[in-house]
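Structure, as structure tokens:
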Amino acid sequence: VQLSQDDINAIQAIYGPSPNPVQPTGPQTPQVCDSNLVFDAISTVRGELMFFKDRFYMRQNPFYPEVELNFISTFWPELPSGLQAAYEFSERDEIRFFKGNQYWAVQGQEMLYG
């Protein structure tokens, strides 16, 4: 179970931030070569191929052979896990993420509100 960023902000507004915050451990690498692996969403973002699975994202840069794996919350803390779709709106330098009937728009690492 993971609290949303709004819940964390509300708790910290009441009690203050934790004096000893717990940092998440590194993600366990999904078995990328597993023929049964199904991604939740795949998109091209600024020339990089992005794969989303549960609470993880993988980024493949065409200039580097290594695939970067990390938590979605490391890059975009406000986004939920289990994203269903992602789309780059390059004319506005935005990425749209979708889950159910909700969507989120970001520019870089900044969440757009409104």
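Heads up, the sequence shown is in the UniProt record's numbering, so the first residue is 1 and it goes up one at a time.
The C-beta atom is built at its ideal place from N, Cα and C for all residues, glycine as well.
According to the Cβ coordinates, are Trp104 and Glu78 closer than 8 Å?
Taking the sequence shown and counting its residues from 1, the one referred to as residue 104 is at position 104. Taking the sequence shown and counting its residues from 1, the one referred to as residue 78 is at position 78. It is a contact, given that the beta carbons lie within the stated cut-off.
Hey, could you find the ends of the alpha helix (DSSP H) Ser81 is sitting in?
As a working note, residue 81 is residue 81 in the sequence shown. Segment: none, Ser81 is in no alpha helix (DSSP H) and carries neither H nor E.
From the DSSP output, which residues share a beta bridge with Phe67?
Counted from its first residue, the sequence shown places residue 67 at position 67. First, the amino acid is wrong: residue 67 is Val here, not Phe. Gln60, per the DSSP bridge assignment.
Could you tell me the alpha carbon to alpha carbon distance between Leu83 and Pro19, rounded to whole angstroms?
The residue labelled residue 83 in the question sits at position 83 within the sequence shown. The residue labelled residue 19 in the question sits at position 19 within the sequence shown. Their Cα atoms are separated by approximately 31 Å.
Might you give, ordered along the chain, the residues of its own chain that have their beta carbon closer than 7 Å to the beta carbon of Phe97, omitting 5 neighbours on each side?
The count along the sequence shown starts at 1 and reaches residue 97 at position 97. Same-chain partners within the cutoff: Leu79, Leu83, Ala86, Tyr103, Trp104.
Taking 8 Å as the threshold (C-beta atoms), are Phe56 and Phe71 in contact?
As a working note, residue 71 is residue 71 in the sequence shown. As a working note, residue 56 is residue 56 in the sequence shown. Going by C-beta atoms, Phe71 is nearer than 8 Å to Phe56.
Quick check: Gln107 and Trp76, are their CB atoms within less than 8 Å of each other?
As a working note, residue 107 is residue 107 in the sequence shown. As a working note, residue 76 is residue 76 in the sequence shown. It is not a contact, given that the beta carbons lie outside the stated cut-off.
Using a Cβ-Cβ cut-off of 7 Å (strictly less than) and excluding sequence neighbours within five positions of Ala41, which residues of its own chain qualify?
For the purposes of this step, residue 41 is identified with residue 41 of the sequence shown, where counting begins at 1. Correct list, in chain order: Phe52, Leu83, Gln84, Ala85, Ala86.
Please classify Arg46: does DSSP put it in a helix, a strand, or coil?
For the purposes of this step, residue 46 is taken as the residue at position 46 of the sequence shown. In the structure shown, Arg46 sits in coil (DSSP, three-state: anything other than H, G, I, E or B).
Should Ile95 be labelled buried (16 or more other beta-carbon atoms within 10 Å of its own) or exposed?
Position 95 of the sequence shown, counted from the first residue, corresponds to residue 95. Answer is buried; the Cβ neighbour count reaches 16.
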